[in-house]
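>
Residue numbers (our numbering), protein chains in the order written: chain A, 1160 to 1596; chain B, 762 to 860.
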């Protein structure tokens, strides 16, 4: 069976010629990952995508007709960058626009993976919430403050939609591997091979050389092995690249944790088949006794105003600790009658300094945008003119690259939920729908 | 004095999810990998990153002559005090460890 990964992220682009080459032989399934937590909590919080609408539309407008023409179900995971309901709807709107422009009709399946605070709180109360890191414990208040929470679904809801003969599947927050593992497992291939292949394919041509997240990858799965070969003839898969990619973004190179269990790569064997193809065998799967879903939630942490600047005077750089302390105390003193206690936080984000210059971002997060503006303006003016022993550059300590110097960043989100939830069923958080387009 | 980075052909850091940072060290040869494997200690890493030794995982991955190091992020990705959302510029303290 042949499965094609459009690229590493919908909207990152790919070579049209490579897609044509991939579809010059029979393709059984097409997949693409459309999201990630890499860009941080903002996108889940704001409901926006970190990918660009017109770039996403371009990537879809070439791929959708190809998939339909070849009757290869097209599976899109983590729609809209963060995979909540509003992100799924954003991507669905683009997909429908492409369908209308090209006069395409198909069966569309959608999976929503959102959960509410009550769901997470009840998991916490019944002892079914597991912390992933000792540095980030589940917290009742943080959960309650969450404005949006999604579950990372696995293969189960995608397989359900394949059973119902969906031509296109838009999935909310999903494990990256689920996109490619679901069709393989649905077709009866081994879980171990399916998940291992999926783990490597989900980044597109990242496992080839020259490396590219923005290109087409081809996977061939058999009963006892799978093979990977990039579609673009300028690229090749090598044992080193493919094996090294198995390490990427994983905490353990031998174990890939999935909602259904763990993929064990201890006995995986990588073989170079020809100049551009790598074969992998021996990957195993151990089903979990207790099934879990990862939950990701965010809360609004305030509003941000920043001011970037550079310091070139080594004497000023030497005194940076004293300056930032002076500024922080000054702002506290100056705002104690006008701003509520604890209504802002100041961060000085510096870089360099040991060589010729130091970059500094004055970073203020306030309960309101107005508070952040007020505090940032005070920090900036006080830091500009802050005195220290032996100061010669008495005109000012900072060079500002911009006017206006202060920049509104707007609402700031932080992760408030990032835990595993023990579940009775792996589709208990999925809302599945199928419709004719 | 050779630094850790002098033995590697790839030395990178990246989030393993927003709560963890992971480092991939890929070596030019099995000899270099074994040399580093025998000398690099959790204490050195703990000192370089101000993290407790019992939170550090070091796993050798022989297939591509590599070592993986993972520990929890103190400021998780996107926390107000964080300044590397993707975690992909955290490798220099490790790179500069003298072996």
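From the three backbone atoms N, C-alpha and C, an ideal C-beta is built for every residue, glycine too.
State the beta-bridge partners of residue 1439 (chain A) as determined by DSSP.
Sequence index remark: in the first chain, residue 1439 (chain A) carries index 280 (1-based). Answer is A:1385 and A:1429.
> Just to confirm the assignment, what range does the beta strand (DSSP E) spanning residue 1523 (chain A) have?
On the first chain, residue 1523 (chain A) is found 364 positions in, with the first residue counted as 1. Looking at the DSSP string, the run of the beta strand (DSSP E) that includes residue 1523 (chain A) is 1517-1525.
> Residue 1269 (chain A) by DSSP, collapsed to three states: which one?
What you label residue 1269 (chain A) is simply residue 110 of the first chain in a count that begins at 1. For residue 1269 (chain A), the three-state secondary structure derived from DSSP is strand.
> Under 8 Å, CB to CB, which of the residues in the stretch 1174-1203 of chain A have a partner in chain B?
Residues of the stretch 1174-1203 of chain A whose Cβ lies closer than 8 Å to any Cβ of chain B, in chain order: 1196, 1197, 1198, 1199, 1200 and 1201.
> Give a yes or no on contact between the stretch 1297-1315 of chain A and the stretch 1334-1344 of chain A, applying the rule of three or more CB pairs nearer than 8 Å.
Taking 8 Å as the limit for Cβ pairs, the verdict is that the stretch 1334-1344 of chain A does touch the stretch 1297-1315 of chain A.
> Counting only C-beta atoms, is residue 838 (chain B) closer than 7 Å to chain A at any point?
Counting from 1 along the second chain, the entry for residue 838 (chain B) is found at position 77. So, interface residue.
> Could you tell me the alpha carbon to alpha carbon distance between residue 1268 (chain A) and residue 1212 (chain A), rounded to whole angstroms?
By one-based count along the first chain, residue 1268 (chain A) stands at place 109. By one-based count along the first chain, residue 1212 (chain A) stands at place 53. About 21 Å.
> What residue range is occupied by the uninterrupted alpha helix (DSSP H) comprising residue 1246 (chain A)?
For this step, residue 1246 (chain A) is matched to residue 87 along the first chain. Run containing residue 1246 (chain A): 1244-1260, per the alpha helix (DSSP H) assignment.
> Would residue 1502 (chain A) pass as a contact of residue 1526 (chain A) if the rule is Cβ separation under 7 Å?
Counting from 1 along the first chain, the entry for residue 1502 (chain A) is found at position 343. Counting from 1 along the first chain, the entry for residue 1526 (chain A) is found at position 367. Residue 1502 (chain A) is a Cβ neighbour of residue 1526 (chain A), given a cutoff of 7 Å.
> Got a sec: is the Cβ-Cβ distance from residue 1154 (chain A) to anything in chain B below 7 Å?
Limits of chain A in this structure are 1160 at one end and 1596 at the other, which puts residue 1154 (chain A) out of reach.
> Let me see if you follow: with CB-CB separation under 7 Å, is residue 1385 (chain A) close to chain B or not?
Position 226 of the first chain holds residue 1385 (chain A). By this cut-off, residue 1385 (chain A) is not an interface position.
> Among A:1332, A:1370 and A:1379, which has the Cα closest to the Cα of residue 1352 (chain A)?
Walking along the first chain from the start, residue 1352 (chain A) turns up at place 193. Of the listed residues, the one whose Cα sits closest to residue 1352 (chain A) is A:1379.
> Quick one, are the C-beta atoms of residue 1590 (chain A) and residue 1271 (chain A) less than 7 Å apart?
Position 431 of the first chain, counted from the first residue, corresponds to residue 1590 (chain A). Position 112 of the first chain, counted from the first residue, corresponds to residue 1271 (chain A). For residue 1590 (chain A) and residue 1271 (chain A), yes; Cβs fall inside 7 Å.
> Measure the alpha-carbon distance for residue 1580 (chain A) versus residue 1287 (chain A) and round it to whole angstroms.
Residue 1580 (chain A) sits at position 421 when you count from the first residue of the first chain. Residue 1287 (chain A) sits at position 128 when you count from the first residue of the first chain. Cα to Cα, the separation comes out at about 6 Å.
> Determine whether the Cβ of residue 823 (chain B) lies closer than 7 Å to any Cβ atom of chain A.
Locating residue 823 (chain B) in the second chain gives position 62, counting from the first residue. With 7 Å as the cut-off, residue 823 (chain B) does not count as an interface residue toward chain A.
> Suppose the cutoff is 7 Å on Cβ atoms and the five residues either side in sequence are ignored; what does the same chain contact list for residue 1221 (chain A) look like?
Here residue 1221 (chain A) refers to the residue found at position 62 of the first chain. Correct list, in chain order: 1175 and 1178.
> Does any residue of chain B bring its CB to less than 7 Å from the CB of residue 1523 (chain A)?
As a first step, residue 1523 (chain A) is located in the first chain; it is residue number 364 there, counting from the start. Chain B, which has no Cβ nearer than 7 Å to the Cβ of residue 1523 (chain A), makes this no.
> Out of B:779, B:797 and B:778, which one is the CA nearest neighbour of residue 772 (chain B)?
What you label residue 772 (chain B) is simply residue 11 of the second chain in a count that begins at 1. The shortest C-alpha separation from residue 772 (chain B) is found at B:797.
> Mind reading off the beta-carbon distance from residue 784 (chain B) to residue 852 (chain B)? Whole number of angstroms is fine, and I expect it under 8 Å.
Translated into the one-based positions of the second chain, residue 784 (chain B) becomes position 23. Translated into the one-based positions of the second chain, residue 852 (chain B) becomes position 91. Right, their Cβ atoms sit about 6 Å apart.
> Give me the Cα-Cα distance between residue 1327 (chain A) and residue 1469 (chain A), rounded to the nearest whole angstrom.
Taking the first residue of the first chain as position 1, residue 1327 (chain A) is located at position 168. Taking the first residue of the first chain as position 1, residue 1469 (chain A) is located at position 310. Computed Cα separation, rounded: 50 Å.
> Let's test the definition: count the other Cβ atoms within 10 Å of the Cβ of residue 1324 (chain A) and tell me whether it reaches 16, buried, or not, exposed.
Translated into positions along the first chain, residue 1324 (chain A) becomes position 165. With fewer than 16 Cβ atoms within 10 Å of its Cβ, residue 1324 (chain A) is classed as exposed.
> For residue 1376 (chain A), count neighbouring C-beta atoms within 10 Å of its own C-beta (all shown protein chains included) and say buried if the count is 16 or more, exposed if not.
Position 217 of the first chain holds residue 1376 (chain A). Answer is buried; the Cβ neighbour count reaches 16.
> I'd like to check one pair, residue 1265 (chain A) with residue 1227 (chain A): are the Cβ atoms closer than 7 Å?
Position 68 of the first chain, counting from 1, holds the residue named residue 1227 (chain A). Position 106 of the first chain, counting from 1, holds the residue named residue 1265 (chain A). Contact flag set, yes.
> Can you round the beta-carbon distance between residue 1291 (chain A) and residue 1577 (chain A) to whole angstroms, since I take them to be within the 8 Å contact cut?
The residue you call residue 1291 (chain A) lines up with position 132 of the first chain. The residue you call residue 1577 (chain A) lines up with position 418 of the first chain. With 8 Å as the limit, residue 1291 (chain A) and residue 1577 (chain A) qualify as a contact, their Cβ atoms being about 6 Å apart.
> Which word fits residue 1551 (chain A), buried or exposed, when buried means at least 16 other C-beta atoms lie within 10 angstroms of its C-beta?
Translated into positions along the first chain, residue 1551 (chain A) becomes position 392. It counts as exposed.
> From the DSSP output, read off the bridge partner residues of residue 783 (chain B).
Looking up residue 783 (chain B) in the second chain gives position 22. B:775 and B:831.
> Please list, in chain order, all residues of the same chain as residue 1549 (chain A) whose beta carbon is under 8 Å from its beta carbon, the five residues on each side excluded.
Your numbering for residue 1549 (chain A) matches position 390 in the first chain. Correct list, in chain order: 1474.
> Alpha carbons only, please: which of A:1492, A:1223 and A:1244 is nearest the one belonging to residue 1207 (chain A)?
Taking the first residue of the first chain as position 1, residue 1207 (chain A) is located at position 48. With distances taken between Cα atoms, residue 1207 (chain A) lies closest to A:1244.
> Under 6 Å Cβ to Cβ from residue 820 (chain B), same chain only, skipping five residues before and after it: list those, please.
Counting from one through the second chain, the residue named residue 820 (chain B) turns up at place 59. Setting aside the 5 residues that flank it on each side, residue 820 (chain B) is surrounded in the same chain by 829, each with a C-beta closer than 6 Å to its C-beta; the list follows chain order.
> What runs of the alpha helix (DSSP H), each 4 residues or longer, lie entirely inside the stretch 1281-1326 of chain A?
As far as the stretch 1281-1326 of chain A is concerned, its whole alpha helix (DSSP H) runs of at least 4 residues are 1299-1304 and 1314-1322.
> Which residues in the same chain as residue 814 (chain B) place their Cβ atom closer than 7 Å to its Cβ, once the five residues preceding and following it in sequence are excluded?
Locating residue 814 (chain B) in the second chain gives position 53, where the first residue counts as 1. So the list reads 803, 804 and 807, once near-sequence residues are dropped.
> In the DSSP assignment, find the beta strand (DSSP E) that holds residue 1354 (chain A) and state where it starts and stops.
Numbered from 1 along the first chain, position 195 holds the residue referred to as residue 1354 (chain A). First-last for residue 1354 (chain A): 1350-1360, but that is the alpha helix (DSSP H), not the beta strand (DSSP E).
> Give a yes or no on whether 7 Å exceeds the smallest Cβ distance from residue 1369 (chain A) to chain B.
Here residue 1369 (chain A) corresponds to residue number 210 of the first chain, with the count starting at 1. Chain B contact via Cβ: absent.
> Starting from residue 1372 (chain A), find everything on chain B with Cβ-Cβ shorter than 9 Å and list it in chain order.
Position 213 of the first chain, counted from the start, is the residue given in the question as residue 1372 (chain A). In chain order: nothing, as chain B lies at least about 13 Å away.
> In angstroms with no decimal places, state the Cα-to-Cα distance between residue 1573 (chain A) and residue 839 (chain B).
What you label residue 1573 (chain A) is simply residue 414 of the first chain in a count that begins at 1. What you label residue 839 (chain B) is simply residue 78 of the second chain in a count that begins at 1. Roughly 6 Å separates the two Cα atoms.
> According to DSSP, is residue 1599 (chain A) part of a helix, a strand, or is it coil?
No information on residue 1599 (chain A) is available, as it lies outside the stretch 1160 to 1596 that chain A covers here.
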